[in-house]
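Peer 1: Protein chains in written order, with this note's numbering: chain A, 1 to 214; chain B, 1 to 214.
Glycine included, each C-beta is placed from N, C-alpha and C at the ideal position.
The structure is given below, and queries will be raised subsequently.
2 protein chains.
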Amino acid sequence: MPDQRCRVAVLASGRGSNFKAIAGACRDENFPARVICLITDNPAAPALELAADDGIESFTVPVTEKKGRLPEADELKIVDICEKRGVDLIVLAGFMRILKGPLLDRFEGRIMNIHPTLLPSFKGLHGVRQALEYGAKVSGCTVHFVDRTVDGGAIILQAAVPVDDDDDENSLLQKVNKEEHRIYVEAVELFATGRLLQEGRRVRILGNDFSRKG
Amino acid sequence: MPDQRCRVAVLASGRGSNFKAIAGACRDENFPARVICLITDNPAAPALELAADDGIESFTVPVTEKKGRLPEADELKIVDICEKRGVDLIVLAGFMRILKGPLLDRFEGRIMNIHPTLLPSFKGLHGVRQALEYGAKVSGCTVHFVDRTVDGGAIILQAAVPVDDDDDENSLLQKVNKEEHRIYVEAVELFATGRLLQEGRRVRILGNDFSRKG
Numbered sequence: 001m002p003d004q005r006c007r008v009a010v011l012a013s014g015r016g017s018n019f020k021a022i023a024g025a026c027r028d029e030n031f032p033a034r035v036i037c038l039i040t041d042n043p044a045a046p047a048l049e050l051a052a053d054d055g056i057e058s059f060t061v062p063v064t065e066k067k068g069r070l071p072e073a074d075e076l077k078i079v080d081i082c083e084k085r086g087v088d089l090i091v092l093a094g095f096m097r098i099l100k101g102p103l104l105d106r107f108e109g110r111i112m113n114i115h116p117t118l119l120p121s122f123k124g125l126h127g128v129r130q131a132l133e134y135g136a137k138v139s140g141c142t143v144h145f146v147d148r149t150v151d152g153g154a155i156i157l158q159a160a161v162p163v164d165d166d167d168d169e170n171s172l173l174q175k176v177n178k179e180e181h182r183i184y185v186e187a188v189e190l191f192a193t194g195r196l197l198q199e200g201r202r203v204r205i206l207g208n209d210f211s212r213k214g
Numbered sequence: 001m002p003d004q005r006c007r008v009a010v011l012a013s014g015r016g017s018n019f020k021a022i023a024g025a026c027r028d029e030n031f032p033a034r035v036i037c038l039i040t041d042n043p044a045a046p047a048l049e050l051a052a053d054d055g056i057e058s059f060t061v062p063v064t065e066k067k068g069r070l071p072e073a074d075e076l077k078i079v080d081i082c083e084k085r086g087v088d089l090i091v092l093a094g095f096m097r098i099l100k101g102p103l104l105d106r107f108e109g110r111i112m113n114i115h116p117t118l119l120p121s122f123k124g125l126h127g128v129r130q131a132l133e134y135g136a137k138v139s140g141c142t143v144h145f146v147d148r149t150v151d152g153g154a155i156i157l158q159a160a161v162p163v164d165d166d167d168d169e170n171s172l173l174q175k176v177n178k179e180e181h182r183i184y185v186e187a188v189e190l191f192a193t194g195r196l197l198q199e200g201r202r203v204r205i206l207g208n209d210f211s212r213k214g
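Here it is as structure tokens:
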């Protein structure tokens, strides 16, 4: 019998701790999604090793520009990889490129990202550091759909994390990462079971009352 | 023996539910602060009744401009009321005026405000509605020191509140208000016992490890 589970492509540039968390959840055959492939713009990404260990196909897309937005030609390569494999959901896990082009058109409403703050606070590259420097007492993380804004897409899940007086960037990041892994896996599960309903900017979670009772 | 507790003036324009929470806490003689007076810019503020019921002196400062910033002459009246009564701490509880002038100079680092979101998200007048419209999944409230910015002063305490799919502005506001009353009372207590240490934008809470053990 063919595997009917939701087909996920993960895009990562670095360490890939969220990739690891999601791939780990997908190893359970009762989890409603599986990771089809890892795509990276960084040939030295530790995520590549994780993929190899897990038997997950991986692709290194040699990116023609050093930083920032992904050139359209490179986005098209990723589109091609995903479409050929029947990918249902694209998960960004520390992918350090801004998507603006064809990937967004072809996978609209099917791309998720995670951000290490409670958006809309502290957008951008160094969210955890910004939260600390601002003096926030509560921070957290956000899983959101990706749209043409930077860190501005509709929010799927958020989790709060207390900022303690003795927290530095590293200790706060650790607490945030832990919550990230939890809510990112949950968001993939919700998507894979068709339970996310986007209405304008609000994302409703269907069947929230009974789904955990089975 | 004279009452040595921290002397608080509350400024409110409306309903005054935070005023009520703080005045309620202060009724306990073991609480380290007491409300000396209520000052309002609104002769119809329900907070005035609450003050009368509690035997708290109150002042209605007739404000010469309809909205927004408090004119300097009116701020001076409030300064005068507070200084004559040896006020240690000014607590804004739904005070719908922006302070920019002499009150800030004379009471710098001794004025607190509460905002019904997790700042810096959703500043301004309709924070709860903004959070809902943005599609936030976690919101909350913030007690902060007042400085010359709008809702931008150093953060003293924050509390998170989950936003549920069926929340509207009213139901979310109720949840936020409940947390507001809790953290505002706690912030006054921390100030009154000298346990707030502002370092740049971060406010540290002294003696956090043992204070609850007694």
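Could you compute how far the alpha carbon of A:Val-128 sits from the alpha carbon of A:Thr-193?
Peer 2: For this step, residue 128 of chain A is matched to residue 128 along the first sequence. For this step, residue 193 of chain A is matched to residue 193 along the first sequence. Going by the C-alpha atoms only, they are around 31 Å apart.
Peer 1: So with Cβ pairs under 8 Å, would you call B:Gly-135 a contact of chain A?
Peer 2: Counting from one through the second sequence, the residue named residue 135 of chain B turns up at place 135. By this cut-off, B:Gly-135 is an interface position.
Peer 1: Just how far apart, CA to CA, sit A:Arg-195 and A:Gly-207?
Peer 2: On the first sequence, residue 195 of chain A is found 195 positions in, with the first residue counted as 1. On the first sequence, residue 207 of chain A is found 207 positions in, with the first residue counted as 1. Those two C-alpha atoms are separated by around 7 Å.
Peer 1: How close, in whole Å, do the beta carbons of A:Phe-19 and A:Val-10 come, if the pair is a contact with beta carbons under 8 Å?
Peer 2: Mapped onto the first sequence, residue 19 of chain A falls at position 19. Mapped onto the first sequence, residue 10 of chain A falls at position 10. Between A:Phe-19 and A:Val-10 the beta-carbon gap is near 5 Å, inside 8 Å, which marks them as a contact.
Peer 1: With a threshold of 8 Å on Cβ separation, who are the neighbours of B:Leu-118 within its own chain once the five nearest residues in sequence on each side are excluded?
Peer 2: For the purposes of this step, residue 118 of chain B is taken as the residue at position 118 of the second sequence. Cβ within range, chain order: Val-138, Ser-139, Gly-140, Cys-141, Thr-142, Gln-158, Ala-160.
Peer 1: How is A:Glu-189 classed by DSSP in three states: helix, strand or coil?
Peer 2: Counting from 1 along the first sequence, the entry for residue 189 of chain A is found at position 189. Residue state, collapsed to three classes: helix.
Peer 1: Looking at the unbroken beta strand (DSSP E) that takes in B:Ser-17, where does it start and where does it end?
Peer 2: Translated into positions along the second sequence, residue 17 of chain B becomes position 17. Run containing B:Ser-17: none in the beta strand (DSSP E); it sits in the alpha helix (DSSP H), 17 to 26.
Peer 1: In whole angstroms, what separates the C-alpha of B:Met-112 from that of B:Ala-93?
Peer 2: One-based indexing of the second sequence puts residue 112 of chain B at position 112. One-based indexing of the second sequence puts residue 93 of chain B at position 93. Looking at the two C-alpha atoms, the distance is approximately 9 Å.
Peer 1: Please report the Cβ distance between B:Val-91 and B:Lys-77, rounded to the nearest whole angstrom; I am assuming they are in contact, meaning their Cβ atoms lie under 8 Å.
Peer 2: Taking the first residue of the second sequence as position 1, residue 91 of chain B is located at position 91. Taking the first residue of the second sequence as position 1, residue 77 of chain B is located at position 77. That pair is no contact at about 18 Å.
Peer 1: Of all the CB atoms in chain A, is at least one closer than 8 Å to the CB of B:Ile-81?
Peer 2: If you number the second sequence from 1, residue 81 of chain B lands on position 81. So no, B:Ile-81 is outside the interface.
Peer 1: Could you pull the DSSP bridge partners for A:Ile-36 from this structure?
Peer 2: Taking the first residue of the first sequence as position 1, residue 36 of chain A is located at position 36. Paired residues: none, contrary to the question.
Peer 1: DSSP state of A:Ile-78, grouped into three classes?
Peer 2: Looking up residue 78 of chain A in the first sequence gives position 78. Secondary structure of A:Ile-78 (DSSP, three-state): helix.
Peer 1: Taking Cβ-Cβ distances shorter than 7 Å, what residues in chain B pair up with A:Ile-155?
Peer 2: Here residue 155 of chain A corresponds to residue number 155 of the first sequence, with the count starting at 1. Neighbours of A:Ile-155 on chain B, chain order: Gly-135, Ala-136, Lys-137.
Peer 1: With a threshold of 8 Å, are at least 3 pairs of Cβ atoms found where one atom belongs to the stretch 95 to 108 of chain A and the other to the stretch 147 to 156 of chain A?
Peer 2: yes
Peer 1: Buried or exposed: which applies to A:His-126, given that a residue is buried once 16 or more other Cβ atoms fall within 10 Å of its Cβ?
Peer 2: On the first sequence, position 126 is the one that residue 126 of chain A refers to. A:His-126 is exposed by the Cβ-count criterion.
Peer 1: Could you name the residues of the same chain whose beta carbon sits closer than 6 Å to that of A:Ala-25, not counting the 5 residues immediately before and after it, in chain order?
Peer 2: Locating residue 25 of chain A in the first sequence gives position 25, counting from the first residue. Same-chain partners within the cutoff: Phe-31, Val-185.
Peer 1: For A:Pro-71, I'd like the list of residues in its chain whose CB is within less than 6 Å of its CB, leaving aside the five on either flank, ordered along the chain.
Peer 2: For this step, residue 71 of chain A is matched to residue 71 along the first sequence. For A:Pro-71, where only same-chain residues beyond five positions count, the Cβ hits under 6 Å are Thr-64, Glu-65.
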